[in-house]
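Presented below is the structure to which this report refers.
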Amino acid sequence: MVGNRSAVIIGSGAAGTACARALASEGWRVVVAERDRVGGTCLWRGCMPKKALYSAARAMRDVRRAEQFGIHTGAISLDWQETLAWKWHSQETYAGDQEGAFAARGIAVAKGDARFLSPDTVMVGDESYKPEAIVIATGSVPIVPDLPGAHLGDTSEQALHYTEVPDSLLVVGGGYVAVEFATIYALLGADVSVIIRGDRVLRGFDEEISRLALRSLGTTCGRVLTNASVTELAGEPGDLQVTLSQGDGATETLRTQRVLFATGRVPDLMGLECQVAGVDTDARGRLVLSEARTTNPRVWAVGDAAGGLMLTPVASYEGRAVAAAINAGETPSLDYSAVPSVVFGVPQLAQAGLNEDTAGARGIEVDVHRQSFEYLGAAIIEDEREGFAKLLFDKANGTLVGGTVVGPTASDLIWAISLGIQARATREHVRAALGIHPAFSESLNWAGW
Ligand code: FAD
């Protein structure tokens with residue numbers, strides 16, 4: 020492939036797929052380079068398999084709680100192989116025929132490792148390409164701490180494929196992946212400990228969410244250690260000795276079957292040889308970008324590889340936006356003001372747009388309207404009264420700029436807040452859009468009062 024209106028997209032995840040489809044629909048000749056299974060992290064190693072395990076864990080919780088509703092289920096047992104089979108079934112069903120879907124749109128898939136040969140040439144396997152535009156959509160990789168015996172621990176990818184539910188699991192980290200996996204395995208019966216470097220989980224989330232998440236981890240998991248870190252792993256998976264260091268300098272050795280490092284992710288630029296293409300990276304090894312464009316005007320970056328908000332809908336959004344910019348020969352205008360994000364824990368934790376901290380940091384004064392679930396009909400009926408909904412309105416113009424929902428269905432309700440932010444809804448709009456009774460959405464309507 021050489022020349023005008025041709026593009027090579029490196030990576031077939033959400034970002035690459037969205038970008039490839041959008042360019043192809045404008046008549047571009049598109050090649051997607053992929054070294055692994057077509058579909059990317061969300062499908063094969065992230066959101067989908069995780070949510071399938073989360074659903075199994077929620078089902079387990081529901082069964083354990085069933086007696087409260089007069090349902091006596093007898094002895095509960097878990098057939099983990101069936102759970103894993105369900106997970107695979109969900110993934111495969113959602114994936115469909117990924118390569119066929121590309122082919123149907125006239126998009127070619129080149130299998131192999133892609134790397135730059137020069138500022139305008141990309142090599143995939145044995146084939147070289149000289150397209151008009153090149154898009155880096157290579158995703159991200161987990162960070163594994165640099166400590167003795169770290170190779171004995173797992174990343175989220177391995178934790179999605181455990182051959183059995185571990186009797187004991189130590190989760191290292193306080194981000195959303197840590198909270199989710201700790202919750203999943205604790206509900207499935209593992210004795211889970213969580214170790215957090217600071218005193219807060221879910222940094223970047225609403226402060227109330229962070230506090231609640233820490234408290235609920237304390238209830239679900241055997242032990243939650245804050246201001247502590249792992250300094251060494253020894254033994255072998257199945258029987259690990261973990262040395263922990265606590266804030267006061269004390270050390271402790273803990274035995275556990277598995278250790279899961281959920282300690283963040285970084286853009287995956289390994290092997291791309293960005294330097295030969297004049298694609299600069301900064302001191303932390305991240306791409307230097309200006310509105311998704313690298314320091315080589317022909318080369319763009321989208322999704323996790325761009326190093327911003329690492330979420331599937333954000334990756335797709337960036338892929339589409341950059342495709343439109345490439346097609347129009349313009350700079351993309353990327354708007355992240357209403358991005359919703361969710362932690363699939365118990366309870367579910369969700370936020371969109373600004374929270375009180377981020378609004379304060381930007382000097383935006385907000386009116387906060389909070390509605391507790393304590394006396395919400397649906398919450399009483401389902402005995403989930405700990406949750407709440409919170410709406411933030413900009414004092415200057417009355418528009419919705421952020422919100423938080425904690426509780427069952429928060430992962431669905433938050434979309435309404437995101438839509439409201441996009442639509443610049445005011446309190447009057449929120450009040451006028453009546454809730455459903457008795458349902459959790461009623462909390463959003465009430466929060467408008
Ligand atoms: P990816 O999907 O990672 O795609 C990148 C592709 O590029 C990969 O297929 C890779 O093989 C390929 N590639 C890399 N380098 C090369 C190369 N040199 N040559 C050829 N191919 C290459 N997000 C949510 O929104 N909701 C969730 O619930 C959620 N849960 C998650 C749970 C886990 C455990 C993880 C790890 C992530 C989760 N995410 C979630 C994040 C989400 O999966 C990512 O943000 C999203 O997949 C990023 O898409 P992407 O297209 O940027 O990258």
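Each residue of the sequence shown is one higher than the one before, starting from 20 at the first, in the working numbering. We put the beta carbon where it would ideally sit given N, CA and C, even for glycine.
Where the alpha helix (DSSP H) through residue i begins and ends
{"i": "S175", "result": "S175 to A178"}
{"i": "V333", "result": "T331 to A347"}
{"i": "T157", "result": "First-last for T157: undefined, no H or E at that position."}
{"i": "L463", "result": "E461 to A466"}
{"i": "D210", "result": "From DSSP, D210 is part of no alpha helix (DSSP H) but of the beta strand (DSSP E) over D210 to I214."}
{"i": "R83", "result": "C66 to R84"}
{"i": "R471", "result": "In this structure the chain extends from 20 to 468, so residue 471 is not present and cannot be described."}
{"i": "I203", "result": "Y195 to L206"}
{"i": "Q117", "result": "Q117 to A123"}
{"i": "G454", "result": "Counting along the chain, G454 falls outside any alpha helix (DSSP H), and DSSP gives it neither H nor E."}
{"i": "C61", "result": "G59 to W63"}
Short CB-CB distance (under 9 Å) between residue i and chain B
{"i": "A320", "result": "As a matter of chain content, chain B is missing from the structure shown, which is built from one protein chain."}
N-terminal and C-terminal residue of the beta strand (DSSP E) that residue i is part of
{"i": "F224", "result": "Unbroken run through F224: none, as it is neither H nor E."}
{"i": "G254", "result": "A247 to E255"}
{"i": "W319", "result": "V318 to A320"}
{"i": "V184", "result": "Note, V184: premise wrong, no beta strand (DSSP E); not H, not E."}
{"i": "E271", "result": "T270 to T275"}
{"i": "A129", "result": "A127 to K130"}
{"i": "S109", "result": "Premise fails: S109 lies in the alpha helix (DSSP H), W99 to A114, not in any beta strand (DSSP E)."}
{"i": "P286", "result": "R284 to P286"}
Those residues which DSSP pairs with residue i across a bridge
{"i": "Y148", "result": "V141"}
{"i": "D258", "result": "E255"}
{"i": "F135", "result": "V141"}
{"i": "S44", "result": "In the DSSP output, where bridge partners are listed per residue, S44 has none listed."}
{"i": "R242", "result": "S212"}
{"i": "F280", "result": "V191"}
{"i": "A26", "result": "V49 and A152"}
{"i": "R312", "result": "S309 and W319"}
{"i": "Q265", "result": "A247"}
{"i": "T300", "result": "L306"}
Buried or exposed (CB count within 10 angstroms, at least 16 for buried), residue i
{"i": "P167", "result": "exposed"}
{"i": "V318", "result": "buried"}
{"i": "E393", "result": "exposed"}
{"i": "M329", "result": "buried"}
{"i": "F88", "result": "exposed"}
{"i": "N246", "result": "exposed"}
{"i": "T60", "result": "buried"}
{"i": "W468", "result": "exposed"}
{"i": "W107", "result": "exposed"}
{"i": "I153", "result": "buried"}
{"i": "Q370", "result": "buried"}
{"i": "H456", "result": "exposed"}
{"i": "D98", "result": "exposed"}
{"i": "M67", "result": "buried"}
{"i": "N464", "result": "buried"}
{"i": "N374", "result": "buried"}
{"i": "E403", "result": "buried"}
{"i": "I215", "result": "buried"}
{"i": "S462", "result": "buried"}
{"i": "A43", "result": "buried"}
{"i": "I440", "result": "buried"}
{"i": "A104", "result": "exposed"}
{"i": "I90", "result": "exposed"}
{"i": "I228", "result": "buried"}
{"i": "Q276", "result": "buried"}
Contacting residues, own chain, Cβ-Cβ under 6 Å from residue i (five flanking each side not counted)
{"i": "S109", "result": "A71"}
{"i": "A37", "result": "S335, G338 and R339"}
{"i": "S96", "result": "none"}
{"i": "N315", "result": "P138, A296, G297 and V298"}
Spatial neighbours of residue i in its chain, beta-carbon cut-off 7 Å, leaving aside the 5 residues before and after
{"i": "R24", "result": "G46, W47, R48 and E151"}
{"i": "G158", "result": "G30, G32, G59, T60, D287, G322, D323 and A324"}
{"i": "C240", "result": "A201, A205, V211, S212 and V213"}
Close-in-space but distant-in-sequence residues of the same chain around residue i (CB under 8 Å, 5 per side omitted)
{"i": "A311", "result": "W319, A320, V321, A325, E337, A340, V341, A344, P351 and L353"}
{"i": "V333", "result": "G322, G327, Y355 and V358"}
{"i": "V385", "result": "L373, E375, A378, L411, F412, D413, K414, V420 and G421"}
Ranges of the beta strand (DSSP E) found wholly within the segment 386-438, counting only runs of at least 3: Taking only runs of at least 3 residues, the beta strand (DSSP E) segments lying wholly in the segment 386-438 are 407-413 and 419-425.
Counting only runs that start and end within the segment 355-382, where is the beta strand (DSSP E) found for 3 or more residues in a row? Segments of the beta strand (DSSP E) lying fully in the segment 355-382: 359-362 and 368-372.
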